[in-house]
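Participant: Heads up: the sequence lines are chains A and B, in that order.
Under our numbering, the first residue of the first sequence is numbered 1, with each subsequent residue one higher.
Under our numbering, the first residue of the second sequence is numbered 1001, with each subsequent residue one higher.
Backbone N, C-alpha and C fix where the C-beta goes; we use that ideal spot for every residue, glycine too.
Computed from a predicted structure; not experimentally measured.
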Amino acid sequence: MMDRQGRGLAETVWTRLDRKAGAITELTIRQLRHRLSTWVVLGVGFLLLICLLALFIGGVRDGWEPIDNDNDSHDWDGDGYPAGQEYKYGSDPTDGYSFPGSGEFVEEGSFEWGSVGIYSGNHTWRWATGVFTYNWIDENPIGGEMLGIQSLSECPEGELFEDFWLDWGDGCRLDENRLVVHDASFIGNGTFRVQEGYYAEWGYMEDSFDVEPEPASNYIDEDDIDWTGDPNKINGFDDDGDCLRVGWPDESTPEWDIWGNWERHDPDGNRNGVDCDVEWITDSDGNIIAINPDNNVDEDPSEENLAYEDAHRAFIIGTGKIAFVMILGIFLPLFLALGLVRDETENGTLHYLLSKPIHRGEFITYRILGYLVVAGGFVLIMSLLMGLVTASLGPGDSIFRLKDVIVWLGIAFATILALAAYGAIFNTLGLLSSRYGVYIALVIGVYEFVMAVLTLGGAELIPVLSVSHWTLQLIDSIVLIVWPNTIEMHIIASAFNLPSGITAFWNPPAHTLGTESPFVSGLISVIVLFLITSLMILFGQRQFKRREIM
Amino acid sequence: MSTKATPAVLLEKCSKWYGQVIGINDVSLAIDGGVTGILGPNGAGKSTLFKLLMGRLKPSSGNVRLFGVDPWVSTSPYRRVGYVAETEKLYDWMTGHDFVSTLARLHGMTREEASDRASHVLDFVGLSDVQNKEIGKYSKGMRQRVKIAHALVHDPDLIILDEPLHGCDPIARTSIMSVIRDLGSQGKTVLVSSHILDEIERITEQIVILHNGRLLALGNLHAIRDLLDKHPHRILIRTENPRKLAEYFVPEDPVYGVRFAEDGALEILTNDLSAAHEVLPRVIVDSGLKITSIENPDDNLEALLGYLVGGTS
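Written out as C-alpha cells, the structure is:
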C-alpha cells in the first residue's frame, strides 16, 4: 500500500518524528562517546562501584563473625567463666572471687594491718602477703586464676620488697615447701608469716562445688528471637537464663537510685505482667508495629536470621542511595548534560542541526534523550552487575536472590529519573548562562547532596524541594515493595538494640498521603520527578525558542 | 512548487538591529528562481540577512517570509531549504558520509534513504572518493563542499550559501562555483553571498548589493555594470612608452582624458567603459607599442559600491 508520494502507508508523521528523534539521539550518543570527559567520568564511576563490590566480596569471603550482642561471652573478671555462665549461676561477673561454684568465703581471722604475726592451720588464705610454710597446698583452687597464685617462680636471693619484688597475686618458691606470696589467694595447710606492714586473712569456702567453665562461644547467639507469629501468645524466651535468674548480686541495692533510675534487675521491664517475655504489637493486618522486650530476653539473636540479611540489604540500599543517586546521579549530569545544547551553540555546529525541519524544543528533548541513553545505560549496566554479584553471594538458602536484582533495577530506575531531572536542570542552566551555568550547577549539586543527607537522616519536610529527596524516597518505596518485612527488620533491630545498617540507610517512606502504602509513595515520587524534569525541559525549550543564535 | 504569489524569499521593510548596531536596515526583497548573488563588503548584513531567513534571528521590524511562512515561528519551510552557514566548525570525528546522512535523517528519512542520498550528493559535490574519511582530515575546500552536500541532501528548492568560497584554494573555488551553477540550471533558487565581485560574476548575473545594512542595488549584474560604465572609469595600461600611446588614445571618442601614473603606466579616462574596450585593441595595434598589462582598477566591488553610494547620496 502506497500513498500519493509512493511511500508506504506506515510512513506517518510519527515515524518521521521517530527518525529525527533517532538521528539526534544517536548523534548525541556518538558525540558524548567522542569526548574524553565522558570516559573519565564513567571510568571514575565504574571504579567507585568496583571498589564497593570488592569490599562486598571481601566481606562475604571473610564470612560473618557471629556477634555477641549482649556482651556476655567475655570473662570480664578473669575467673575463667564467661559472664553468661556467671549470670546463670548467680555469681558476680565482675568479681574474680565470685564465680560458678565458688561458694562464699567465710572469714575466720586476719592479721592486723602493719602487725607481725604467724598463724597456722588448714585454711583458705586470701590477700596474703608473706611466707607460707606448708605440708600441702592448692595454688589453683577451682574457679580460676584470681583465686590461685598467678605465677610461681624460684625466689631470687634476699628479702621480699628489699632485694626483689613480686606483682600482686604472684608468688615465688623459697624451697620445697616454702612460698613467698604477694597479695595472693590459695588453699593450704601450714604456717603463714605475714610480711611486716602487709595483710592476710584466712577462713573457708562455703557451698563450693566444681563447675566446668563453658567456652565463650556458648554465649554468642545464645538467646535467639522467639516469635510465635501470634501477638496474643507469650512471646520471647530467655534461652540463656539471664532474665529468669534469681539472686542477683545487686539484690541489696535499692530499686531506684538517687537519680530515679531503675537500678535493680527487673524481670518485667515492659510491664505486661509476664516476667521475661517480649511483647509484640501488631496492627489489624498482622503487621508488626512495635516490640517491647523485657531486659535480657531474646537479646542475642542468631545473625544468620537477621543481622546478615540486614547488613546485606543495608549494603544494597546504601550503595544504591549514596553511590548511585548521590554520586553518579549528580556527577554524571554535571559532566554530560551541562553542555548538551550550550556547546553546540558555542561551536556553531548548531547551525547544521537547526537548518533542518526540527523544532528547537524537540531538539532539546532529543538531546536529553541521547544523554539519558548514555548515562542511564551506564547506570543500568552497573546496577545489573551489582545485582548479579549480590544476588549470587548474599545470605539465605536460595542460590540466587532474585529480589536483589529487582531492587537493583529499582535503584537504576530511580537513578535514571534523577539523571533525567538533573540533566534537564543542568542543560537549562547551560542554556541560560554559558559562562556561569557551571557554577550555578555546582551550587545546585551541593544543595542536592545536602538535601540527600538530610533525607537519609530521616528529614521529611525540609528536603521536599529537592530532586534527591524524591529519588531516595522512591528507592525506600521500592525496597519496601520488594522486601515488605524491611519495616519489621527495622523495628526488631531497634527493639533489641541490634547493630543495623537498614536503620542507617533506610527510612519508611514519608509521603504516602496517609495510606502507608509504598506503592503510593513510590508513585508520588515518580510523578514529582517527572514533573520536575518536564518543567525544566519546558523552561529550557522556552528559553531556547526565544534565543537568537548568532 | 514555488508560485509567483509566494516567492521563495520575501523580506518586507525588514530591519534588524543588534542594540545600537545595524544588521540590516529597511530591506525589502523578493527572490524566486535562479542563482542570486548577495554582494557586499564584510559587515554589510549578508549573514544577518541569511540568519533572518533561517529563523536564527528575529527581525526588529518588518516581515521575513520563506515560501510564505515566517521562519522565526515555524520550521516547516526548512523542508525545502538547504543552508550552508558561515561557520567553519564541523564534527571532525565523523566521516563525510556520516555527517551528511545523519543530518539527512533530520528530514525524516530512513537510515537507508539517508545513506543513499548522502552518497548521491557527496558525489555531486565531488567528494565521493573521500566520503568515508573523517572530516578532520579534509582540506578547506572539502570542508566547504561537505557543508554544501549536507544542505543539498534533501533536494531543497532553495539553497542559501553564506560565503561558500571563503578561504578556498582556486581549484576548490572552481569546483564549488560549478556546483552552484549546476544547481541554478536545475531550476533551484540559490542565494550565494560573497564580498568578491569577481566570484559572483563567474556564478551569476542576478545580484543583490548590500552596504551598511541597506539594499543598494538589485538586478542584473550587467545592467548595473552598464550603469557603472557610463560613469568616469579608468583603464590602466602599462607600456614602454606611455606618452606615445597617449597620442593614439586622445582622439578616440569614448576617451575624455589621459593621465600619466607615477610608475610609468598610462591611465585612460572614459565615460563609456565598453566602448573604450571596443576601441582598445585597434588603438594598441595602431600604435605598434609593446603592452605589458591592461587593468580595470575600477572593476571591483569597492569601486561599484563607491559609485552606487556616490550615486545615491
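B/F1260: buried (16+ other C-beta within 10 angstroms of its C-beta) or exposed?
Facilitator: Counted from its first residue, the second sequence places residue 1260 of chain B at position 260. The residue is exposed, with fewer than 16 neighbouring Cβ atoms inside 10 Å.
Participant: Kindly indicate the opening and closing residues of the beta strand (DSSP E) around A/R178.
Facilitator: As a first step, residue 178 of chain A is located in the first sequence; it is residue number 178 there, counting from the start. From DSSP, the beta strand (DSSP E) with A/R178 extends over R178 to V194.
Participant: Would you mind listing the alpha helix (DSSP H) stretches within the stretch 421 to 478 of chain A that are 4+ residues and don't spill past its ends, in chain order?
Facilitator: The qualifying runs are 437 to 456.
Participant: Determine which residues of the stretch 1098 to 1130 of chain B have a Cβ less than 7 Å from any Cβ of chain A, and write them out in chain order.
Facilitator: The residues in question are T1102, L1103, R1105, L1106, H1107, G1108, M1109 and T1110.
Participant: Using C-beta distances below 6 Å, list every residue in its chain close to A/F324, excluding the 5 sequence neighbours before and after it, in chain order.
Facilitator: For the purposes of this step, residue 324 of chain A is identified with residue 324 of the first sequence, where counting begins at 1. Hits under 6 Å: I411 and T415.
Participant: Given that a residue counts as buried once 16 or more other Cβ atoms are within 10 Å of its Cβ, and exposed if not, what is B/P1077?
Facilitator: The residue labelled residue 1077 of chain B in the question sits at position 77 within the second sequence. Result: buried.
Participant: What residues in the stretch 20 to 40 of chain A bring their beta carbon closer than 8 Å to a beta carbon of chain B?
Facilitator: If the cut-off is 8 Å between Cβ atoms, the stretch 20 to 40 of chain A has K20, G22, A23, I24, E26, L27, R30, Q31 and H34 near chain B.
Participant: Any Cβ of chain A within less than 8 Å of the Cβ of B/L1090?
Facilitator: Counting from one through the second sequence, the residue named residue 1090 of chain B turns up at place 90. With 8 Å as the cut-off, B/L1090 counts as an interface residue toward chain A.
Participant: On a CA-only basis, which of A/E157, A/S355 and A/I381 is nearest B/M1054? Give me that one, please.
Facilitator: Position 54 of the second sequence, counted from the first residue, corresponds to residue 1054 of chain B. Of the candidates A/E157, A/S355 and A/I381, the one whose C-alpha sits nearest the C-alpha of B/M1054 is A/S355.
Participant: Using a cut-off of 9 Å between C-beta atoms, extract the partners of B/S1076 located in chain A.
Facilitator: Numbered from 1 along the second sequence, position 76 holds the residue referred to as residue 1076 of chain B. Residues of chain A passing the Cβ test: P357.
Participant: Just verifying my parser: in three-state terms, what is the DSSP assignment at B/T1312?
Facilitator: Against the second sequence, residue 1312 of chain B aligns to sequence position 312. Bear in mind that the predicted position of B/T1312 carries a pLDDT of just 42, short of 50, making it unreliable; the figure below should be weighed with that in mind. B/T1312: helix per DSSP, three-state reduction.
Participant: Output the distance between the C-alpha atoms of A/T503 and A/E212, rounded to the nearest integer angstrom.
Facilitator: Residue 503 of chain A sits at position 503 when you count from the first residue of the first sequence. Residue 212 of chain A sits at position 212 when you count from the first residue of the first sequence. Going by the C-alpha atoms only, they are around 40 Å apart.
Participant: Can you tell me the Cα-Cα spacing of B/S1061 and B/F1050, whole angstroms?
Facilitator: Translated into positions along the second sequence, residue 1061 of chain B becomes position 61. Translated into positions along the second sequence, residue 1050 of chain B becomes position 50. Roughly 16 Å separates the two Cα atoms.
Participant: Alpha carbon to alpha carbon, how far is B/L1122 from B/T1189?
Facilitator: Sequence index remark: in the second sequence, residue 1122 of chain B carries index 122 (1-based). Sequence index remark: in the second sequence, residue 1189 of chain B carries index 189 (1-based). Approximately 20 Å, taken between the alpha carbons.
Participant: Output the distance between the C-alpha atoms of B/P1297 and B/L1216, rounded to the nearest integer angstrom.
Facilitator: Position 297 of the second sequence, counting from 1, holds the residue named residue 1297 of chain B. Position 216 of the second sequence, counting from 1, holds the residue named residue 1216 of chain B. Spanning the two alpha carbons is a distance of roughly 21 Å.
Participant: Going by DSSP, what residue range makes up the alpha helix (DSSP H) through A/P293?
Facilitator: Residue mapping note: residue 293 of chain A aligns to position 293 of the first sequence, counting from 1. Counting along the chain, A/P293 falls outside any alpha helix (DSSP H), though it belongs to the beta strand (DSSP E) covering I288 to P293.
Participant: Considering only DSSP beta bridges, list what B/V1009 is partnered with.
Facilitator: Position 9 of the second sequence, counting from 1, holds the residue named residue 1009 of chain B. DSSP, once it has assigned bridges, lists B/I1031 and B/L1066 as partnering B/V1009.
Participant: Helix, strand or coil for A/D343 per DSSP?
Facilitator: Sequence index remark: in the first sequence, residue 343 of chain A carries index 343 (1-based). Here A/D343 sits in helix by DSSP.
Participant: Relative to the alpha-carbon of A/D183, which residue among A/L338, A/F192, A/N177 and A/E176 has its alpha-carbon at the smallest distance?
Facilitator: Sequence index remark: in the first sequence, residue 183 of chain A carries index 183 (1-based). Nearest of A/L338, A/F192, A/N177 and A/E176 to A/D183, Cα basis: A/F192.
Participant: Please report the straight-line C-alpha distance between B/R1173 and B/D1226, rounded to a whole angstrom.
Facilitator: Position 173 of the second sequence, counted from the first residue, corresponds to residue 1173 of chain B. Position 226 of the second sequence, counted from the first residue, corresponds to residue 1226 of chain B. One C-alpha to the other measures close to 27 Å.
Participant: For A/S208, tell me which candidate among A/V106, A/G339, A/V528 and A/L523 has the shortest Cα-Cα distance.
Facilitator: As a working mapping, residue 208 of chain A is identified with position 208 in the first sequence. Closest by alpha carbon: A/V106.
Participant: Check whether the stretch 166 to 186 of chain A touches the stretch 41 to 61 of chain A, taking contact to mean three or more Cβ pairs, one atom from each stretch, closer than 8 Å.
Facilitator: The answer is no - the stretch 41 to 61 of chain A does not touch the stretch 166 to 186 of chain A, with fewer than three Cβ pairs under 8 Å.
Participant: To be precise: take each residue of the stretch 1175 to 1189 of chain B, compare its Cβ to all Cβ atoms of chain C, and keep it if any distance is under 7 Å. Which residues remain?
Facilitator: Here chain C cannot be found, since the structure's protein chains are A and B.
Participant: Counting only C-beta atoms, is A/L402 closer than 8 Å to chain B at any point?
Facilitator: What you label residue 402 of chain A is simply residue 402 of the first sequence in a count that begins at 1. Cβ-Cβ to chain B under 8 Å: no for A/L402.
Participant: Hey, quick one: how far does the alpha helix (DSSP H) through A/R126 stretch, first residue to last?
Facilitator: As a first step, residue 126 of chain A is located in the first sequence; it is residue number 126 there, counting from the start. Where A/R126 is concerned, there is no enclosing alpha helix (DSSP H), although the beta strand (DSSP E) it sits in stretches over I118 to D138.
Participant: Name the chain A residues that come within less than 8 Å of B/A1085, Cβ to Cβ?
Facilitator: Here residue 1085 of chain B refers to the residue found at position 85 when the second sequence is read from its first residue. Those within 8 Å of B/A1085 in chain A are G348, H351, Y352 and S355.
Participant: Using beta carbons (cut-off 8 Å, strictly below), is A/R367 in contact with chain B?
Facilitator: Counting from 1 along the first sequence, the entry for residue 367 of chain A is found at position 367. Output row for A/R367: interface = no.
Participant: Considering Cα atoms alone, identify which of B/Q1020, B/A1030, B/V1009 and B/P1041 is closest to B/N1212.
Facilitator: Mapped onto the second sequence, residue 1212 of chain B falls at position 212. Nearest C-alpha to B/N1212: B/P1041.
Participant: If you measure beta-carbon to beta-carbon, which residues of the stretch 1046 to 1060 of chain B are closer than 7 Å to chain A?
Facilitator: Taking 7 Å as the Cβ-Cβ cut-off against chain A, the residues of the stretch 1046 to 1060 of chain B that qualify are M1054, R1056, L1057 and K1058.
Participant: According to DSSP, is B/A1303 helix, strand or coil?
Facilitator: Translated into the one-based positions of the second sequence, residue 1303 of chain B becomes position 303. Reduced to three states, the DSSP call for B/A1303 is helix.
Participant: Find the residues of chain A that neighbour B/W1093, judging by a C-beta separation of less than 7 Å, and give them in chain order.
Facilitator: Numbered from its first residue, the second sequence carries residue 1093 of chain B at position 93. Under the 7 Å cutoff, chain A gives H34.
Participant: Using beta carbons (cut-off 8 Å, strictly below), is A/E65 in contact with chain B?
Facilitator: For the purposes of this step, residue 65 of chain A is taken as residue 65 along the first sequence, with counting starting at 1. No, A/E65 lies away from the interface with chain B (no Cβ there is under 8 Å from its Cβ).
Participant: Please state the DSSP three-state secondary structure of A/A418.
Facilitator: Counting from 1 along the first sequence, the entry for residue 418 of chain A is found at position 418. If DSSP states are grouped into helix, strand and coil, A/A418 belongs with the helices.
Participant: Chain A beta carbons: is any one of them nearer than 8 Å to that of B/R1145?
Facilitator: For this step, residue 1145 of chain B is matched to residue 145 along the second sequence. False, the Cβ-Cβ gap to chain A never drops below 8 Å.
Participant: Quick one: does B/H1211 have its CB under 8 Å from some CB of chain A?
Facilitator: The residue given as residue 1211 of chain B occupies position 211 in the second sequence. Chain A contact via Cβ: absent.
Participant: Who are the Cβ neighbours of A/D163 in its own chain at under 8 Å, not counting the five residues just before and after it?
Facilitator: To locate residue 163 of chain A, count along the first sequence from 1; it is residue 163. Excluding sequence neighbours, A/D163 sits near P156 and E157.
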